Amino acid sequence: MRIISALSLFAAVASASAFVSSSGPVFGVRSGVCLSAKHVMNKGARKSAANRPKKKRLSDINRKPTNYPPIVKPAEYTIVSVGEASN
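Residues 1 to 87 (the working numbering) make up the sequence shown, in order.
This is the structure:
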């Protein structure tokens with residue numbers, strides 16, 4: 001009985017090792033990972049950047065931002081005295 005349980009335990013460990021990588025991380029560094037990319041590849045944004053409208057006219061290139069008047073916010077709460085609140 002012990003031999004059968006030992007063999008089944010060995011078979012379980014042997015089959016489980018197939019799902020584990022051969023070398024674990026050493027000091028947080030994985031040797032099987034290649035990190036060669038240094039710059040972002042603009043795949044999705046490349047087409048929209050190429051097709052966006054360009055400023056070709058001098059009036060568009062030299063256009064200054066608009067100067068809107070400052071926005072005055074209204075008061076959110078109005079403080080009233082007790083006598084005025086009862087009316």
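Even glycine gets a Cβ: it sits at the ideal position worked out from N, Cα and C. Please read these numbers as outputs of a predicted model, since none were measured by experiment.
Kindly indicate which three-state DSSP category V82 falls into: helix, strand or coil? helix
Residue interval of the alpha helix (DSSP H) (run including N67): Run containing N67: none; DSSP gives neither H nor E here.
DSSP-derived helix/strand/coil call for A75: coil
How is the alpha helix (DSSP H) around R57 delimited, first residue to last? Run containing R57: none; DSSP gives neither H nor E here.
Could you have a look at K47 and say whether DSSP puts it in helix, strand or coil? helix
How long is the line joining the alpha carbons of S81 and P69, rounded to whole angstroms? 34 Å
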